[in-house]
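In what follows, a structure is listed as structure tokens, so that the remarks can point back to it.
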Amino acid sequence: MPAQWSADLIGKMHLYGITAKQLADKVGWNPKYLSTVLNGHRTPKNAEQMLTKALTELISDSTV
1307 MPAQWSADLI GKMHLYGITA KQLADKVGWN PKYLSTVLNG HRTPKNAEQM LTKALTELIS
1367 DSTV
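So this note's numbering is basically just the index in the sequence shown, starting at one, shifted up by 1306.
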């Protein structure tokens, strides 16, 4: 089962129109790997912090 943080992150992605490809590119991951992390199949260290920071930066860039 995916963690709550990933559900929150996906919700923000939808809200701000950020794609999984954009987020994956920002953190240097393959989009398929990002999917496995967001779906709870992989749990790399610091994933929550790394992805939250990257999403915040993408949102900031898109609202400027």
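Backbone N, C-alpha and C fix where the C-beta goes; we use that ideal spot for every residue, glycine too.
Which residues bound the alpha helix (DSSP H) around residue i?
i	result
Pro1337	Pro1337 to Leu1344
Quick one: what does DSSP say residue i is sitting in, helix, strand or coil?
i	result
Ile1324	coil
Lys1318	helix
Ala1360	helix
Lys1332	helix
Ala1353	helix
Taking 7 Å as the cut-off, decide whether the C-beta atoms of residue i and residue j are in contact.
i	j	result
Leu1364	Lys1318	no
Ala1326	Leu1340	yes
Val1343	Ala1353	yes
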